[in-house]
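Reviewing the structure listed below.
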Amino acid sequence: MKSQRAYVEHVIECIRRIQEDSASGRDAVFASRTLRDAIVRNLQVLCESTQRIAEPHKQRHPELDWSLIAGMRNVLVHDYFEVDFETVWLVVTRDLPALEKAMRAILAVLDQPR
């Protein structure tokens, strides 16, 4: 089983990849199936990894809707052909910065000596 640190780092890495893939802007991303697919895949992995983060860490970040993140994973995985990329784009541009901030805060807690 992976460590909490590994899951948190994995989420941060997925966010970095999504930011990189979306850096060219909305129009370029919407025009590129390759970029959309890469973003959706990294969101799937990111959402899956957040489900493995321990409850005490999540409870320190009530600003995030953890159940909504889990629900997004289910939609991305099980309803892939019905995914509304407008919604995905909103998540990328509006929600990922807060998630990254929380992940970095959790990482800082994990880095503290016990």
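Its first residue numbered 999, the sequence shown is counted upward by one per residue in the working numbering. Note that CB positions come from ideal geometry on N, CA and C, so glycine has one too.
Residue closest to residue i, alpha-carbon to alpha-carbon, out of the options
| i | options | result |
| --- | --- | --- |
| lysine 1056 | Arg1102, Arg1112, Gln1110, Pro1111 | Arg1102 |
| glutamine 1049 | Val1006, Val1089, Pro1095, Leu1094 | Val1006 |
| alanine 1100 | Val1090, Met1070, Pro1060 | Pro1060 |
| arginine 1034 | Phe1083, Met1070, Ser1065, Arg1003 | Phe1083 |
| proline 1054 | Pro1111, Cys1045, Gln1002 | Gln1002 |
| lysine 1000 | Ile1051, Arg1092, Ser1065 | Ile1051 |
Short Cβ contact (9 Å threshold) for residue i with residue j
| i | j | result |
| --- | --- | --- |
| leucine 1074 | leucine 1105 | no |
| glutamate 1080 | isoleucine 1013 | no |
| valine 1086 | valine 1038 | yes |
| leucine 1088 | isoleucine 1016 | no |
| cysteine 1045 | alanine 1029 | no |
Presumed contact (8 Å Cβ cut-off) between residue i and residue j, rounded CB distance
| i | j | result |
| --- | --- | --- |
| serine 1047 | valine 1090 | The Cβ separation is near 16 Å, so there is no contact. |
Residues near residue i in its chain [Cβ-Cβ closer than 8 Å; skip 5 each side]
| i | result |
| --- | --- |
| valine 1107 | His1055, Arg1058 |
| arginine 1112 | none |
Cβ shell of residue i (< 7 Å), same chain only, five flanking positions each side left out
| i | result |
| --- | --- |
| leucine 1062 | Ala1096, Leu1097, Ala1100 |
| glutamine 1110 | none |
| asparagine 1072 | none |
| leucine 1066 | none |
Closer than 9 Å to chain D by CB, residue i
| i | result |
| --- | --- |
| phenylalanine 1083 | Given the protein chain composition of this structure (a single chain), no chain D is represented. |
Cβ-based neighbour list, residue i, same chain, cut-off 6 Å, excluding 5 preceding and 5 following
| i | result |
| --- | --- |
| histidine 1008 | Ser1047 |
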